[in-house]
Amino acid sequence: MITVHLEPEGQTLTFDTLNTVLQLLHKVGKRQSQALVIRGGELLTQDRKLHRGDEIVVRGVTSRG
């Protein structure tokens, strides 16, 4: 199971199977340009593989130009 913490929403989701960061972003309704995906303090690119037991943070980003 993969645990995903959405910030700043404060929501926690779990998924049985996700293969990549891109698939995760689709599941949570975010585009790559809208979020940072973090595992263990490391930023992940959209092609990175996810594994059972991962704790992932999806941190929303906004432009405030």
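Letter by letter, the sequence shown follows residues 289 to 353 in the working numbering.
Even glycine gets a Cβ: it sits at the ideal position worked out from N, Cα and C.
All values reported here derive from a predicted model rather than from experimental measurement.
Note: Val325 is bridge-paired with Val346 in the DSSP secondary-structure output. With contacts defined as CB atoms closer than 8 Å, Thr350 and Gln334 fail to qualify as a contacting pair. Going by DSSP, Val292 is part of the beta strand (DSSP E) stretching over 290-295. Assigned with DSSP and collapsed to three states, Lys315 falls in helix. In this structure, Leu310 keeps its C-beta atom at 8 Å or more from the C-beta atom of Arg319.
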